[in-house]
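Using my numbering, read the sequence shown as starting at 12 and increasing by one per residue. Shown next, in structure tokens, is the structure this report addresses.
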Amino acid sequence: LTRIPPKLAQPVLNFLEGFGQAIIVMIGFAMKLAPIGVTGLIFAVTARFGLDVLGSLSAYVIMVLAGLTIHLIFTLGGLARFLGGIPIRQFFRNARETMITAFSTSSSNATMPTTLRTAQEEFGVPREVAGFVVPLGATMNMNGTALFEGMTVLFLAQVFGLDLSLTAQLIVVVMSVITAIGVAGVPGGSIPLLVMVLEMVGVPGEGIALVLGVDRILDMARTVPNVTGDLLTSILVTRSEGLPLVPATAPDFSDEAAIEVTPQVVVDSPARPGVQAGL
Numbered sequence: 012l013t014r015i016p017p018k019l020a021q022p023v024l025n026f027l028e029g030f031g032q033a034i035i036v037m038i039g040f041a042m043k044l045a046p047i048g049v050t051g052l053i054f055a056v057t058a059r060f061g062l063d064v065l066g067s068l069s070a071y072v073i074m075v076l077a078g079l080t081i082h083l084i085f086t087l088g089g090l091a092r093f094l095g096g097i098p099i100r101q102f103f104r105n106a107r108e109t110m111i112t113a114f115s116t117s118s119s120n121a122t123m124p125t126t127l128r129t130a131q132e133e134f135g136v137p138r139e140v141a142g143f144v145v146p147l148g149a150t151m152n153m154n155g156t157a158l159f160e161g162m163t164v165l166f167l168a169q170v171f172g173l174d175l176s177l178t179a180q181l182i183v184v185v186m187s188v189i190t191a192i193g194v195a196g197v198p199g200g201s202i203p204l205l206v207m208v209l210e211m212v213g214v215p216g217e218g219i220a221l222v223l224g225v226d227r228i229l230d231m232a233r234t235v236p237n238v239t240g241d242l243l244t245s246i247l248v249t250r251s252e253g254l255p256l257v258p259a260t261a262p263d264f265s266d267e268a269a270i271e272v273t274p275q276v277v278v279d280s281p282a283r284p285g286v287q288a289g290l
């Protein structure tokens, strides 16, 4: 289009712009109907398995939230303490703004500006490291999503009465990690790829209807370890490169950090004749 006269290129540009706007309208229409569709799917699955499945669903939600919490505190917090040299309490205190933003938006991409600011100002990650690691992590480092997908596949397999072999469970683990890398950093981005993992191990994809009803709260919860992992990775990369962490608003976590105090020497000059001291 840049190599043809503007008069000929403009109709093509108008068509592409109009097509894009039409797609946006179609997506908006689908989003308005989504609650009705999800309700119908949940009703169909509940009618098939009975109301007892709702109790299992509640236990599933509790277990996923507990698993994400344990992973966040012990895995990520432990790595921050032993590899990053940052106390666990201090790590989460400095990361709280990013974690709150991630929980409220359910999007790693929407949280990225806050993640970048926290990495540089709270943890002292150099700008060039944060600018490379955080955007890459928002696309590929979905550790919370991988945990969610694995637990969801096992839960739905139990709902349908399927006994997954050890090989199938290993496939679930590997595919959960691989698909988590390709998940879009937007709310609900893991659901389409989760259906693919379900079909690979023989679990009916229609079971995803059970998860859709509670996925919003789970999406908010799993986004927190996703972005916290991005912060941790930027810290560990900084450490591995031998660069200092010099936070703007938080204490310096570098082992070699020291505060040098230069004493001020005040020299009293003798008053000149005829001049009063202090004037």
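For each residue, glycine too, the CB sits at the ideal point set by N, CA and C.
Just to confirm my understanding: we take residue i, look at its own chain, exclude 5 residues before and 5 after, and list those with CB closer than 7 Å. What are they?
| i | result |
| --- | --- |
| T244 | V144, G148, N152 |
| Q131 | R138, A141 |
What is the DSSP secondary structure of residue i, reduced to helix, strand or coil?
| i | result |
| --- | --- |
| F40 | helix |
| P124 | helix |
| L242 | helix |
| D63 | helix |
| T150 | helix |
| I97 | coil |
| F171 | coil |
| P155 | In the sequence on display, residue 155 carries Gly and not Pro. Three-state DSSP puts G155 in a helix. |
By a C-beta neighbour count over all protein chains shown, 10 Å radius and 16 as the cutoff for buried, is residue i buried or exposed?
| i | result |
| --- | --- |
| P17 | exposed |
| L177 | exposed |
| D230 | buried |
| E133 | buried |
| M186 | buried |
| I97 | buried |
| N105 | buried |
| R233 | buried |
Compare the C-alpha of residue i against each of the options and name the closest.
| i | options | result |
| --- | --- | --- |
| I192 | A220, G155, T178 | G155 |
| G135 | N237, V194, L247, L65 | L247 |
| V49 | R233, R250, V257, R227 | R227 |
| V183 | A157, L223, P203, G172 | A157 |
| E210 | D241, G29, S115, T163 | T163 |
| A55 | G224, R233, A77 | G224 |
Within a Cβ cutoff of 6 Å, which residues of the same chain sit near residue i, ignoring the five residues on either side of it in sequence?
| i | result |
| --- | --- |
| A168 | L175, V214 |
Alpha carbon to alpha carbon, what distance is there between residue j and residue i?
| i | j | result |
| --- | --- | --- |
| N120 | M42 | 20 Å |
| P46 | I219 | 14 Å |
| P262 | L254 | Here the model assigns P262 a pLDDT of 47, short of 50, so the residue's position is not dependable and the matter cannot be decided. |
| I34 | S201 | 21 Å |
| M207 | G216 | 8 Å |
| E252 | V140 | 10 Å |
| T125 | V36 | 30 Å |
| R128 | L165 | 37 Å |
| T190 | E108 | 28 Å |
| E297 | V257 | Shown here, the chain extends from 12 to 290; a query on residue 297 therefore has no answer. |
Given residue i, which residues of its chain have a CB within under 8 Å of its CB, disregarding the five upstream and five downstream residues?
| i | result |
| --- | --- |
| M5 | Beyond the ends of the chain as shown, which are 12 and 290, falls residue 5; an answer cannot be given. |
| V170 | F60, V64, S67, G218, L221 |
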